[in-house]
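The block underneath contains the structure these notes are about, expressed in structure tokens.
What follows is the structure, given as structure tokens:
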């Protein structure tokens with residue numbers, strides 16, 4: 004959800020929004036809008052982000068306007084560096100028992116945990132701590148026991 008307060012009277016079609024009204028934008032609805040993303044809006048297609056965005060407000064990950072997340076650039080850079088390090092150190096494949104079951108709540112999440120099998124034989128934990136993210140991969144006998152990313156904002 005993205006919350007904003009109207010600073011002036013606004014008319015959107017037949018709807019009039021008074022000064023001081025609280026406006027909540029459901030980002031899940033925006034990010035799955037078929038008018039913006041096409042009929043396959045609900046499908047996970049990473050390649051759709053290779054091209055420039057259709058509109059600056061079509062994908063609002065860190066907010067928009069004067070109140071956009073101040074840490075946006077550092078979080079994106081840090082995430083890319085962390086993923087690059089993990090990809091250099093480990094090789095993974097999805098468990099053959101995994102059944103993909105995404106669940107739409109306030110954000111898109113998995114109904115069941117994604118179990119990854121390590122192709123290599125790494126037996127030490129990789130823990131990366133920073134101001135914005137804690138990422139832990141506990142690897143034991145080739146199986147990733149727990150994987151989670153917490154964004155601390």
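In our numbering, the protein residues as written are 4 to 156.
For each residue, glycine too, the CB sits at the ideal point set by N, CA and C.
Local conformation of residue i per DSSP, three classes
i	result
residue 39	helix
residue 6	strand
residue 11	coil
residue 124	Caution is warranted here: a pLDDT of 46 is assigned to residue 124, below 50, making its placement in the model unreliable, and the coordinate value is therefore given only provisionally. DSSP places residue 124 in coil when its eight states are reduced to three.
residue 67	coil
residue 53	coil
residue 76	helix
Selected residue, minimal CA-CA separation from residue i, among the options
i	options	result
residue 4	19, 51, 71 and 27	27
residue 51	67, 66 and 34	34
residue 10	47, 19, 16 and 24	24
residue 45	53, 55, 54 and 31	31
residue 39	86, 84 and 58	58
Beta-carbon proximity check, residue i vs residue j, cutoff 7 Å
i	j	result
residue 22	residue 14	no
Separation of residue j from residue i, as counted between CA atoms
i	j	result
residue 81	residue 17	44 Å
residue 69	residue 7	11 Å
residue 54	residue 29	24 Å
residue 37	residue 88	35 Å
Heavy atom of the ligand NAP within 6 Å of residue i beta-carbon
i	result
residue 45	Judged by which ligands are present, the structure shown has none, so any question about the ligand NAP falls away.
Could you say if the segment 74-87 and the segment 47-63 meet the contact criterion of at least three C-beta pairs nearer than 8 Å?
no
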